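Chains A and B, in that order, are what the protein sequence lines are.
All letters in the first sequence, in the order written, are residues 4 to 273 by our numbering.
All letters in the second sequence, in the order written, are residues 7 to 229 by our numbering.
Glycine residues also receive a C-beta, built at the ideal position from the N, C-alpha and C atoms.
From a predicted model like this one, the values you see are computed outputs, not experimental measurements.
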Amino acid sequence: MRSIKNHLSLILALISILFAMQTYIVTKRSIDAYKQNLSSNYAIVVVSNRTLDINKLKQTDKIIKDIQQINVDKSIKKIDSTLDEKNIEFLKLTLPKFYKVILKKYPLPSEIEKLKKKLFENKSVTKIEDFKSSYEQTYKLLLLFYDVVSVFSFLIVVITVLLILKELRIWQFSHKERMNIMGLFGAPRWLSSAVLFRLAIVDAVLSSLLVYFSFLYIQGADFIKEQFESIGISVTLVSGFEDFGVMLGVALSISLALAVLIVITHKEEV
Amino acid sequence: MDKVIVAEGVSLGYNNYEMIINEATFSIDNGSFVFITGASGSGKSTLLKSFFGALKPKKGSLIVGGVELNSVSSSKLNLLRKHLGIVFQDYKLVNEWNIEKNIALPLLINGYEKSVIEKQVESLLKHVRLKHQSGKFPLELSGGEQQRVAMARALAHNPIMILADEPTGNLDDYSSQLIWNLLEGANEQLETTVVVVTHRIPQTLKVDYKHFHIEKGSIYEVN
């Protein structure tokens, strides 16, 4: 019973740290996926009074991925089908040229402003439509969500670390007796603390497995899939060995650091 | 006869200002049975602690089993302790281990094979008459039984010397007699040096023994 209690105290602390960490990772992945989604659907429209050199225009800023000229034929036909060929040709010549600027990533509001300024340096450009108002609100909301999750995860980690430090005193007390006795019979430090390290490793592995399989279960749940589908993204909650490796690495680092701290601060008492 | 403990001008204390043992000079022969007596707080246990390196002398030279304890490294001290059997008044058993594992502790530390350990533990359990308590944990036993487990642990690895601090202090007559018999047996049959710190020397003892008494920080031999 005492042994289970010893295990539980560290396992619970490690689980809360790993959960906070993985939640932060998943949030970051979701936001990145959503940003990718936004960027693929997002484009700036540049209006010019004469034909522009697309290759030259592409070099305006590194953020530009591609530039396509917008075909106005369909739009003209929609305006009036009664126009004859001659008038349509005339209209085409008098109409400004429209260019769709596709970006590499979803830009920050400041990046949009910077890009617009650079594009306007071309005297032929008369207007730039950035659709900022509709996209900016969603993006800012997303950033706010990310910040809230980051702060929340950080707070959980800080509180759990404080709890672990408190746990350290209990661990010191419960392991001190055995380490003292073993030391009195000539056990080297590594041997007298072997149980402690075994406990630390077992707890780290168990907590990593628990968190890993919990996220794996959540990932497979229909309601989660539906949630992501509703905002048009697909997010991996836990990737195979990579995420488990990170979890195990973090859990081992914490639990082994704790064990090392106990061993270092241990003083023989008879 | 070889000396297993040689103390020359040894002063012991828990701080640098107040010495509990003052410049003690004495020696203990290999294979002898020694009692150290004295009033409560006279420094008997403090002196015993210095024999297994739990307390280093503030002054003088203390050699135990050929190891100078004044400036001993932790690895050398561990090596010395591997050849000692220590019995405490409060038993110092690992409560989360069963009695077999407690008895096996010195054998595990000394790297004995599993089959040897099992055989030795079984024999010791019979020896201390605790075979019927096999598999139990220390807190499930009486004080006398716990001390018998501690005694079996001290004897397990055939140490060169047994250091016992008030081994029968809290025990009933039956357990006390059993402990004294075991200590006598180890001394007579295995020629193990036995150093016992006690208030009172038992009258029933058959072995020849040496008696040191501590008073006001000084140690002297009683004839």
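Residue i, enclosing alpha helix (DSSP H) - first and last residue
{"i": "residue 220/A", "result": "197–223"}
{"i": "residue 256/A", "result": "243–268"}
{"i": "residue 121/A", "result": "112–123"}
{"i": "residue 105/B", "result": "105–115"}
{"i": "residue 153/B", "result": "149–161"}
{"i": "residue 123/B", "result": "120–133"}
{"i": "residue 75/B", "result": "Segment: none, residue 75/B is in no alpha helix (DSSP H) and carries neither H nor E."}
{"i": "residue 91/A", "result": "88–97"}
{"i": "residue 59/A", "result": "57–61"}
CB contact check: residue i to chain A, cutoff 9 Å
{"i": "residue 173/B", "result": "no"}
{"i": "residue 77/B", "result": "no"}
{"i": "residue 100/B", "result": "yes"}
{"i": "residue 81/B", "result": "yes"}
{"i": "residue 18/B", "result": "no"}
{"i": "residue 84/B", "result": "yes"}
{"i": "residue 115/B", "result": "yes"}
{"i": "residue 154/B", "result": "no"}
Interface flag, residue i vs chain B, CB-CB below 9 Å
{"i": "residue 190/A", "result": "yes"}
{"i": "residue 7/A", "result": "no"}
{"i": "residue 184/A", "result": "yes"}
{"i": "residue 181/A", "result": "yes"}
{"i": "residue 170/A", "result": "no"}
{"i": "residue 271/A", "result": "yes"}
{"i": "residue 199/A", "result": "no"}
{"i": "residue 187/A", "result": "yes"}
{"i": "residue 41/A", "result": "no"}
{"i": "residue 144/A", "result": "no"}
Limits of the beta strand (DSSP E) - the one that residue i falls within
{"i": "residue 28/B", "result": "27–35"}
{"i": "residue 9/B", "result": "9–18"}
{"i": "residue 106/A", "result": "100–106"}
{"i": "residue 90/B", "result": "90–93"}
{"i": "residue 68/A", "result": "67–72"}
{"i": "residue 168/B", "result": "167–171"}
{"i": "residue 47/A", "result": "46–51"}
Assumed close pair residue i, residue j - CB separation to whole angstroms, cut-off 8 Å
{"i": "residue 157/B", "j": "residue 93/B", "result": "6 Å"}
{"i": "residue 41/B", "j": "residue 215/B", "result": "6 Å"}
{"i": "residue 190/B", "j": "residue 213/B", "result": "5 Å"}
{"i": "residue 140/A", "j": "residue 268/A", "result": "That pair is no contact at about 53 Å."}
{"i": "residue 170/B", "j": "residue 109/B", "result": "With 8 Å as the limit, residue 170/B and residue 109/B do not qualify as a contact, their Cβ atoms being about 16 Å apart."}
{"i": "residue 199/B", "j": "residue 10/B", "result": "5 Å"}
Residue i at chain D interface by Cβ criterion, 9 Å
{"i": "residue 90/B", "result": "In the displayed structure, chain D is absent; the protein chains listed are A and B."}
**Message:** Three Cβ pairs or more, each shorter than 8 Å: is that satisfied between the segment 196–209 of chain A and the segment 250–260 of chain A?
**Reply:** Judged by pairs of C-beta atoms under 8 Å, the segment 196–209 of chain A touches the segment 250–260 of chain A, as three or more such pairs exist.
**Request:** Give a yes or no on contact between the segment 74–81 of chain B and the segment 23–32 of chain B, applying the rule of three or more CB pairs nearer than 8 Å.
**Result:** Two segments are said to touch when three or more pairs of C-beta atoms, one from each, lie closer than 8 Å; by this definition the segment 74–81 of chain B does not touch the segment 23–32 of chain B.
**Item:** Those runs of the beta strand (DSSP E) which lie wholly inside the segment 128–199 of chain A and span at least 3 residues
**Value:** As far as the segment 128–199 of chain A is concerned, its whole beta strand (DSSP E) runs of at least 3 residues are 128–132.
**Prompt:** Which runs of the beta strand (DSSP E) spanning at least 3 residues fall entirely within the segment 38–66 of chain B, listed in chain order?
**Reply:** Fully enclosed beta strand (DSSP E) runs of 3 or longer: 39–44.
**Prompt:** What beta strand (DSSP E) runs, 3 residues minimum, are completely inside the segment 182–225 of chain B?
**Reply:** 199–203 and 216–221
**Request:** Report yes or no: do the segment 182–199 of chain A and the segment 158–173 of chain A share at least 3 C-beta pairs separated by less than 8 Å?
**Result:** No, the segment 182–199 of chain A is not in contact with the segment 158–173 of chain A.
**Contact between the segment 212–231 of chain A and the segment 186–198 of chain A (3+ Cβ pairs under 8 Å)** = no
**Segment contact, 8 Å Cβ cut-off, at least three pairs: the segment 104–119 of chain B with the segment 193–200 of chain B** = no
**Asked** If you pair each beta-carbon of the segment 11–20 of chain B with each one of the segment 49–64 of chain B, do three or more pairs fall below 8 Å?
**Response** yes
**Asked** Would you call the segment 41–61 of chain A and the segment 114–130 of chain A in contact, with 3 or more CB pairs under 8 Å?
**Response** yes
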